[in-house]
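Protein chains in written order, with my numbering: chain A, 239 to 877; chain B, 7 to 77.
Quick reminder that beta carbons are idealized off the backbone N, C-alpha and C, glycines included.
The structure appears right after this line, and notes come after that.
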């Protein structure tokens with residue numbers, strides 16, 4: 239089509255051709271609006287002429303022209319659909335308008351086609367707004383990657399970057415691939431994936447995701463995944479698939495619509511045969527498409543899923559959304575979900591010297607270790623003073639570590655290390671250790687030249703946002719929160735008590751977690767299991783709703799869970815449940831409204847209070863109302 | 007078999023949009039046409055030996071939808 243326009247241009251009409259092209263593109267983008275406005279204008283002029291009683295033939299002709307202008311597209315669509323033996327609302331409206339003209343109701347024909355045209359224009363516009371949430375997300379998809387080839391830098395389309403390629407990302411640029419940072423350090427905004435507005439610090443060894451933005455800093459990334467395999471692309475793909483799996487209520491409505499439309503045609507014919515009133519019969523055709531009813535569910539779901547996606551929450555579709563909205567019991571795994579899964583120093587007990595001295599000496603040794611417990615000590619010592627240099631570092635796996643610090647031998651480890659080094663643990667130290675260990679802490683002993691300086695206690699502590707999680711969940715309507723853990727009874731009890739958890743089960747094996755969920759479900763409860771999606775996969779599959787947390791980068795979790803929280807922030811959990819409940823309520827409101835409108839229209843038509851134009855007005859208004867109601871979901875934030 | 011995705015404008019009533027999908031699926035050479043209502047797209051799997059892109063685009067245009075983008 240475009241090449242044709244180009245060819246006429248070459249024939250030399252020059253300037254006017256440019257205008258023509260402009261008009262053409264204006265027409266293409268605003269077709270519906272222009273058609274509707276022209277038809278509307280014709281109707282107004284025709285109505286004025288008729289009102290003034292000047293010329294009824296002219297007035298009527300204008301109405302017919304208006305009906306043709308507004309109805310042409312509708313009729314063409316209807317014609318194409320009918321060729322494929324599909325009977326839609328376009329056919330019904332065409333039939334009604336044509337019928338009205340035949341029986342001499344020109345005004346009705348014009349207004350019906352005009353209102354239908356205006357209605358579908360407004361619907362398309364408002365629906366576009368609903369989709370914006372998702373569209374904005376998709377526009378985040380990066381286009382170009384700067385790939386480093388030796389000393390050179392080459393720009394490559396993002397989907398063509400290969401595994402192992404080195405990609406350079408400068409400040410303000412989007413990260414084009416999933417990979418690991420191999421050089422540099424940067425502040426990265428991960429909102430596109432996790433919905434978190436707080437940027438994350440990325441340094442060598444950290445994972446970064448395609449679609450996130452390097453706000454400040456320089457990064458060199460070794461590519462792991464690109465194009466369609468990236469977390470970001472998967473996220474969009476899953477959001478799109480989410481709507482294909484329909485909610486049960488939606489399927490019922492669509493089945494209903496399938497019989498409703500032909501049914502109404504039969505009723506309409508019967509009405510005409512019985513009443514001999516063609517207008518009533520035609521009005522039935524106009525209101526035959528249960529527009530609001532068909533759109534009631536999907537439009538709410540689109541708005542709900544769109545809002546969620548912007549927050550880094552992926553709801554897998556209508557049916558899942560229904561279930562999430564009904565959750566009564568939330569079951570959480572402790573480690574990695576309620577707690578960071580990353581140990582922290584929770585206490586220090588000093589026998590000799592000062593706390594700071596002991597910490598700095600320990601950190602000097604631990605700095606050289608790669609053990610997860612070591613990291614927590616170094617973190618704790620940071621800012622306490624200068625960490626001294628250590629030499630002759632030694633690791634004894636399962637025991638601890640040792641090194642020379644300022645000429646003295648510092649040993650950091652467990653009881654076995656002390657025994658092995660011939661260091662005596664007296665009863666005072668043993669007592670302290672035992673009492674803390676009973677609450678689930680790990681105790682590590684620090685000794686200098688065979689003399690114990692003190693003990694450092696380390697434990698996996700709750701996340702900050704776990705502290706008010708239970709009350710937030712209850713506010714969304716969750717009845718009970720249950721914690722499962724493989725840890726011992728005392729640790730579990732301490733954490734459960736602190737977080738206000740209703741019920742906990744300690745010393746659980748993975749298969750026992752499944753049994754707990756089964757027994758909860760057997761009591762008739764709708765149960766959600768929150769986990770990381772990998773270790774907890776069986777339990778998540780057993781639950782009514784499997785919720786994966788911190789799923790960014792783990793495909794398995796993204797694929798298998800019903801509800802996916804891309805970030806590992808617990809606050810997203812009450813948000814997602816609250817949003818789902820609100821969406822369900824929104825759907826109910828929409829369906830109720832739509833059913834009421836259909837009933838009112840049917841009664842109105844039978845009572846002859848509703849005729850063609852007013853029937854169309856109510857019909858289109860109800861569709862718009864349903865869309866506007868759904869759009870309220872876009873504004874939802876956790877209360 | 008090839009895959010193509012069109013982003014569409016004016017995707018109004020979902021009922022009509024689904025009907026476009028049904029029409030496309032009745033074409034020879036089109037195995038699957040998924041109208042993705044949430045993002046305003048239609049994803050098509052087709053056999054280029056039996057139907058070409060122009061023909062598919064023509065059907066979409068005839069049913070009353072504008073193609074904004076294809077890939």
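Enclosing beta strand (DSSP E) for residue i [first to last residue]
i, result
"residue 695/A", "689 to 697"
"residue 51/B", "47 to 52"
"residue 643/A", "638 to 643"
"residue 721/A", "718 to 722"
"residue 442/A", "Element bounds for residue 442/A: n/a, residue is neither H nor E."
"residue 454/A", "451 to 463"
"residue 310/A", "First-last for residue 310/A: 294 to 321, but that is the alpha helix (DSSP H), not the beta strand (DSSP E)."
"residue 418/A", "416 to 427"
"residue 181/A", "This structure gives no information on residue 181/A, because the portion of chain A shown stretches from 239 to 877."
"residue 72/B", "72 to 76"
"residue 686/A", "680 to 686"
"residue 40/B", "36 to 42"
"residue 741/A", "741 to 743"
"residue 575/A", "Counting along the chain, residue 575/A falls outside any beta strand (DSSP E), and DSSP gives it neither H nor E."
"residue 469/A", "First-last for residue 469/A: 469 to 480, but that is the alpha helix (DSSP H), not the beta strand (DSSP E)."
"residue 66/B", "Note, residue 66/B: premise wrong, no beta strand (DSSP E); alpha helix (DSSP H) at 59 to 68."
"residue 651/A", "646 to 651"
Residue i, enclosing alpha helix (DSSP H) - first and last residue
i, result
"residue 785/A", "That residue, residue 785/A, is in no alpha helix (DSSP H); its beta strand (DSSP E) goes 783 to 787."
"residue 824/A", "810 to 844"
"residue 856/A", "850 to 869"
"residue 518/A", "516 to 524"
"residue 630/A", "Premise fails: residue 630/A lies in the beta strand (DSSP E), 628 to 634, not in any alpha helix (DSSP H)."
"residue 728/A", "727 to 737"
"residue 751/A", "748 to 760"
"residue 621/A", "Looking at the DSSP string, residue 621/A is not in any alpha helix (DSSP H), and its letter there is neither H nor E."
Chain B contact for residue i (CB, 8 Å cutoff)
i, result
"residue 324/A", "yes"
"residue 464/A", "no"
"residue 862/A", "no"
"residue 736/A", "no"
"residue 318/A", "yes"
"residue 641/A", "no"
"residue 315/A", "yes"
"residue 478/A", "yes"
"residue 241/A", "For residue 241/A, the pLDDT reaches just 41, beneath the cut-off of 50, and the residue's location in the model is therefore unreliable, leaving the point undetermined."
Paired residues, beta bridge with residue i - DSSP
i, result
"residue 384/A", "393/A, 406/A"
"residue 569/A", "720/A, 767/A"
"residue 807/A", "Its beta-bridge partners do not exist; DSSP assigns none."
"residue 659/A", "BP columns for residue 659/A are empty, so no partner."
"residue 11/B", "49/B"
"residue 494/A", "Residue 494/A pairs with nothing; no bridge assigned."
"residue 265/A", "Its beta-bridge partners do not exist; DSSP assigns none."
"residue 700/A", "577/A"
"residue 585/A", "695/A"
Assumed close pair residue i, residue j - CB separation to whole angstroms, cut-off 8 Å
i, j, result
"residue 813/A", "residue 549/A", "6 Å"
"residue 48/B", "residue 55/B", "Between residue 55/B and residue 48/B the Cβ distance is about 21 Å, and since that is not below 8 Å, they are no contact."
"residue 458/A", "residue 386/A", "7 Å"
"residue 393/A", "residue 382/A", "5 Å"
"residue 516/A", "residue 337/A", "6 Å"
"residue 800/A", "residue 784/A", "5 Å"
"residue 217/A", "residue 650/A", "The structure shown does not extend to residue 217/A, since chain A is modelled only from 239 to 877, so the question has no answer here."
"residue 586/A", "residue 593/A", "5 Å"
"residue 538/A", "residue 821/A", "6 Å"
"residue 577/A", "residue 699/A", "6 Å"
"residue 545/A", "residue 863/A", "With 8 Å as the limit, residue 545/A and residue 863/A do not qualify as a contact, their Cβ atoms being about 20 Å apart."
"residue 332/A", "residue 302/A", "Not really, about 14 Å apart at Cβ, beyond 8 Å."
CB contact below 8 Å: residue i versus chain A
i, result
"residue 34/B", "no"
"residue 28/B", "yes"
"residue 48/B", "no"
"residue 25/B", "yes"
"residue 76/B", "no"
"residue 9/B", "no"
Distance cut-off 7 Å: residue i Cβ against heavy atoms of the ligand ATP
i, result
"residue 684/A", "As for the ligand ATP, it is missing from this structure, which has no ligand bound."
Residue-chain proximity (residue i, chain D), Cβ-Cβ < 8 Å
i, result
"residue 565/A", "Protein chains in the displayed structure are A and B, and chain D is not among them."
Which of the residues in the segment 540 to 569 of chain A, read from start to end, lie with their CB under 8 Å from any CB of chain B? Hits within the stretch, in order: 540, 543, 544.
Against chain B, which members of the segment 291 to 311 of chain A pass a CB distance test of less than 7 Å? When CB distances to chain B are screened at a threshold of 7 Å, the residues of the segment 291 to 311 of chain A falling below it are 311, in chain order.
Which residues, in order along the segment 354 to 370 of chain A, keep a beta-carbon less than 7 Å from a beta-carbon of chain B? Correct list: 358, 361, 362, 365, 369.
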